[in-house]
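**Student:** The structure under discussion is supplied below as structure tokens; questions concerning it will follow.
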Amino acid sequence: MMEKIAIVLAAGIGKRMHSKTPKVLHKICGTEMIFYPIESARKAGFGKVVVVISENIDPSLFKEEKVAFQKVPLGTGDAAAKGLDAVKSAPEDAEILILTGDNPLTEEGDIKALSEFFENGGFDAVVLSAEADNPAGLGRIISDNGKFVKIVEEKDATEEEKKTKEINTGIYVFKKSALEESLAHLSNNNAQGEYYLTDTLSYLKNAGKKVGVFKMERKLPVYGVNNRKELSIATKIIQQKILDKLMLSGVTILNPETVLIDKEVKIGNDTVIYPGTSIFGKTEIGADCEIGPNTKIENAKIGNSVKAQFSVILESEIGDGCVIGPFSYVRPGNKFVRNVKIGTFVEVKKSFVDENSKIPHLSYIGDATVGKGVNIGAGTITCNFSGLEGHKKNPTHIGDNVFIGSHTTLVAPVKIASNAYTAAGSVINKDVPEWTLAIGRAKQVNKENWVKRRKGNG
Numbered sequence: 378m379m380e381k382i383a384i385v386l387a388a389g390i391g392k393r394m395h396s397k398t399p400k401v402l403h404k405i406c407g408t409e410m411i412f413y414p415i416e417s418a419r420k421a422g423f424g425k426v427v428v429v430i431s432e433n434i435d436p437s438l439f440k441e442e443k444v445a446f447q448k449v450p451l452g453t454g455d456a457a458a459k460g461l462d463a464v465k466s467a468p469e470d471a472e473i474l475i476l477t478g479d480n481p482l483t484e485e486g487d488i489k490a491l492s493e494f495f496e497n498g499g500f501d502a503v504v505l506s507a508e509a510d511n512p513a514g515l516g517r518i519i520s521d522n523g524k525f526v527k528i529v530e531e532k533d534a535t536e537e538e539k540k541t542k543e544i545n546t547g548i549y550v551f552k553k554s555a556l557e558e559s560l561a562h563l564s565n566n567n568a569q570g571e572y573y574l575t576d577t578l579s580y581l582k583n584a585g586k587k588v589g590v591f592k593m594e595r596k597l598p599v600y601g602v603n604n605r606k607e608l609s610i611a612t613k614i615i616q617q618k619i620l621d622k623l624m625l626s627g628v629t630i631l632n633p634e635t636v637l638i639d640k641e642v643k644i645g646n647d648t649v650i651y652p653g654t655s656i657f658g659k660t661e662i663g664a665d666c667e668i669g670p671n672t673k674i675e676n677a678k679i680g681n682s683v684k685a686q687f688s689v690i691l692e693s694e695i696g697d698g699c700v701i702g703p704f705s706y707v708r709p710g711n712k713f714v715r716n717v718k719i720g721t722f723v724e725v726k727k728s729f730v731d732e733n734s735k736i737p738h739l740s741y742i743g744d745a746t747v748g749k750g751v752n753i754g755a756g757t758i759t760c761n762f763s764g765l766e767g768h769k770k771n772p773t774h775i776g777d778n779v780f781i782g783s784h785t786t787l788v789a790p791v792k793i794a795s796n797a798y799t800a801a802g803s804v805i806n807k808d809v810p811e812w813t814l815a816i817g818r819a820k821q822v823n824k825e826n827w828v829k830r831r832k833g834n835g
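Residues 378 to 835 in this note's numbering are what the sequence shown spells out, letter by letter.
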């Protein structure tokens, strides 16, 4: 079987993005743009992928791809040569796919169709063309009765050539030997002083090689992202595909025009996503949940039958049956086990909350461990930062079945043992033993009748 190799050109500066971030690293639905064409190439059967990048891009981003560098921007032909150098050992008849990292709308089917056309026709090189409603600024494919003649950039095109709407998508398939030969004969004798990959096709045609054009069946609004407007167009298309896939797999999305969901997000069946909700990163959401409206979730793991509304959940694990919101702020590092209630205007950070516990309103809980069946009254705060120990945050430990009265201040480090009780308005700055009622400023009272009542004997 013929070896298939993809070379992804991604060393361009991307000046029109007006950004310090390299163009191909701008994200679309949570994933860097370059990984969309890489994924399409892999799915189309090109198992080996080489990315050609500039020194401004961190090569460690590419875990499965071979990396080649174009240190000086000398054009697409030079970039292709750098990529080809990385696979010198490939057989001469290897099939080389070349595509750009700024073309996220290229799909597996487009590449498969181009590859099959190349293989079935016995070509040395083929280019993927497309019919553009507005071809302004794009290179044109000039052909004669379906046969390739040349590719001409708009600035070099005649008025007659500008009338053609068949454009170059920047996607090619070459026989390796033909690509090597044509790259060796490229010249940079042009206004830009660059080596153009498009010139390889003209060379091969003039050398008597078989060069073809395969026209893409579908039309796209953009055939490459060069500025923020085109980025937004591509994002809208990809976002709709993500939403469609989720809805067809059993997720209800109400008013999807208002919902943002990243590419890596996973959502279980019979979950309902309400308007204004944004779900980012590698979030996983179970089945039978109700998320939103107006809720942001990022890199979180959400169990089954969870309800979250008008809230923010970041990098936390939310167990089955939990209720979040409205207006809760779940900061990174939390784990809520099961049937936990995080209510209105509650902020929780780096805390473990065990099953059936409730923090219903107007509280701040940070760096805390909360046991089972705990009720934390309104206005409770854990004072985890003294300001006298650098940036150190002190822990609060609350045992099982504890009742924390409203407006309790827990001055960490402090432990509230199981079945203890703090009266409303208390300031607790030392440990509270089991079955103890803490009143006022760390005053602790053991009352026989109260203990009996808490134990269920009164």
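The beta carbon of each residue, even a glycine, is placed where N, CA and C say it ideally should be.
Just to check my reading of the structure: arginine 605 and methionine 394 have Cβ atoms closer than 8 Å, yes? What is that Cβ distance to the nearest angstrom?
**Tutor:** About 7 Å separates the two Cβ atoms, so the contact holds.
**Student:** Are the segment 417-434 and the segment 382-396 in contact at 8 Å, needing three or more beta carbon pairs?
**Tutor:** At 8 Å Cβ cutoff, the stretches touch.
**Student:** To which residues does DSSP link valine 426 through a beta bridge?
**Tutor:** Valine 426 pairs with Ala383.
**Student:** Should glycine 696 go down as buried or exposed, given a rule of 16 or more other Cβ atoms within 10 Å for buried?
**Tutor:** The residue in question, glycine 696, is buried, as its Cβ has 16 or more Cβ neighbours within 10 Å.
**Student:** Expressed to the nearest angstrom, what Euclidean distance is found between the alpha-carbon atoms of leucine 581 and glycine 454?
**Tutor:** Going by the C-alpha atoms only, they are around 14 Å apart.
**Student:** Using a Cβ-Cβ cutoff of less than 6 Å, which residues in the same chain neighbour serine 559 once the five nearest sequence positions on both sides are dropped?
**Tutor:** Result list for serine 559: Thr577, Tyr580 and Leu581, in chain order.
**Student:** Please list, in chain order, all residues of the same chain as isoleucine 614 whose beta carbon is under 7 Å from its beta carbon, the five residues on each side excluded.
**Tutor:** The answer, listed in chain order, is Leu482.
**Student:** If we require 4 or more residues per run, which alpha helix (DSSP H) segments fall completely within the segment 578-627?
**Tutor:** Counting whole runs of 4 or more residues, the segment 578-627 contains the alpha helix (DSSP H) stretches 605-625.
**Student:** So, using beta-carbon positions, are threonine 785 and isoleucine 805 closer together than 8 Å?
**Tutor:** Cβ atoms of threonine 785 and isoleucine 805: closer than 8 Å.
**Student:** Is the separation between the beta-carbon of alanine 387 and that of isoleucine 411 shorter than 8 Å?
**Tutor:** Yes, the Cβ-Cβ distance between alanine 387 and isoleucine 411 is below 8 Å.
**Student:** Using only alpha-carbon positions, find the residue among Phe704, Asp647, Pro709 and Gly669 that is nearest to glutamate 675.
**Tutor:** It is Pro709.
**Student:** With DSSP run on the structure shown, which of helix, strand or coil describes aspartate 521?
**Tutor:** Aspartate 521 falls in the strand class under three-state DSSP.
**Student:** State yes or no: is the C-beta of glutamate 724 within less than 8 Å of the C-beta of lysine 712?
**Tutor:** No.
**Student:** According to DSSP, simplified to helix, strand and coil, what is valine 401?
**Tutor:** Helix at valine 401.
**Student:** Could you spell out where the beta strand (DSSP E) holding isoleucine 390 opens and where it closes?
**Tutor:** That residue, isoleucine 390, is in no beta strand (DSSP E); it is neither H nor E in DSSP.
**Student:** Please classify methionine 378 as buried or exposed, where buried requires at least 16 other C-beta atoms within 10 Å of its C-beta.
**Tutor:** That one is exposed.
**Student:** Does glycine 835 come out as helix, strand or coil in the three-state DSSP assignment?
**Tutor:** With a pLDDT of 44 at glycine 835, under the threshold of 50, the modelled position of this residue cannot be trusted; read the value that follows with caution. Glycine 835 falls in the coil class under three-state DSSP.
**Student:** Which residue spans inside the segment 541-581 form an unbroken alpha helix (DSSP H) run of at least 4?
**Tutor:** Qualifying alpha helix (DSSP H) stretches, in chain order: 553-561.
**Student:** So does the segment 430-439 actually touch the segment 498-506, counting three or more Cβ pairs closer than 8 Å?
**Tutor:** Result no; under three Cβ-Cβ pairs closer than 8 Å.
**Student:** Is it true that the CB of threonine 477 sits closer than 8 Å to the CB of glycine 601?
**Tutor:** Contact flag set, yes.
**Student:** Applying the 10 Å Cβ sphere with the 16-neighbour rule, what's the burial state of lysine 618?
**Tutor:** The residue in question, lysine 618, is exposed, as its Cβ has fewer than 16 Cβ neighbours within 10 Å.
**Student:** Tell me which same chain residues have a C-beta within less than 6 Å of the C-beta of threonine 541, skipping the five on either side of it?
**Tutor:** Excluding residues within five positions, the ones whose Cβ falls inside 6 Å are Arg517.
**Student:** When DSSP labels each residue in this structure, what does alanine 819 get in the three-state scheme?
**Tutor:** Note that alanine 819 scores 49 on pLDDT, short of 50, meaning its location in the model is unreliable and no value can be drawn from it.
**Student:** In terms of alpha-carbon separation, which member of Lys718, Val717, Ile630 and Phe494 lies closest to valine 550?
**Tutor:** Residue Phe494 is the option with its Cα nearest to valine 550.
**Student:** For proline 468, count neighbouring C-beta atoms within 10 Å of its own C-beta (all shown protein chains included) and say buried if the count is 16 or more, exposed if not.
**Tutor:** It is exposed - the Cβ of proline 468 has fewer than 16 other Cβ atoms within 10 Å.
**Student:** Tell me whether threonine 648 sits in a helix, a strand or coil according to DSSP, three-state version.
**Tutor:** Of the three classes helix, strand and coil, the one that applies to threonine 648 here is coil, per DSSP.
**Student:** Three-state secondary structure (DSSP) at glycine 720?
**Tutor:** Glycine 720 falls in the strand class under three-state DSSP.
**Student:** What is the rounded straight-line gap between the Cα of glycine 720 and the Cα of proline 810?
**Tutor:** The alpha-carbon atoms of glycine 720 and proline 810 are separated by roughly 28 Å.
**Student:** In whole angstroms, what separates the C-alpha of valine 717 from that of leucine 623?
**Tutor:** For valine 717 and leucine 623, the distance between alpha carbons rounds to 27 Å.
**Student:** Consult DSSP for glycine 498 and reduce its assignment to one of helix, strand or coil.
**Tutor:** Helix at glycine 498.
**Student:** From the DSSP secondary-structure annotation, give me the bridge partner or partners of histidine 738.
**Tutor:** Histidine 738 is bridged to Thr721.
**Student:** Residues in its own chain within less than 7 Å of isoleucine 417 by CB, not counting five upstream and five downstream?
**Tutor:** The question names isoleucine, but residue 417 is serine in the sequence shown. Taken in chain order, the residues that qualify are Thr483, Glu484, Glu485 and Ile488.
**Student:** Taking the continuous beta strand (DSSP E) assigned at threonine 660, which residues delimit it?
**Tutor:** Taken as a continuous stretch (DSSP letters only), threonine 660 belongs to no beta strand (DSSP E), as it is neither H nor E.
**Student:** Measuring CA to CA, which of Ala456, Ile415 and Leu691 is closest to glutamate 441?
**Tutor:** Answer by Cα proximity: Ile415.
**Student:** Taking threonine 453 as part of the alpha helix (DSSP H), name the residues at either end of that continuous run.
**Tutor:** 453-462 is the extent of the alpha helix (DSSP H) around threonine 453.
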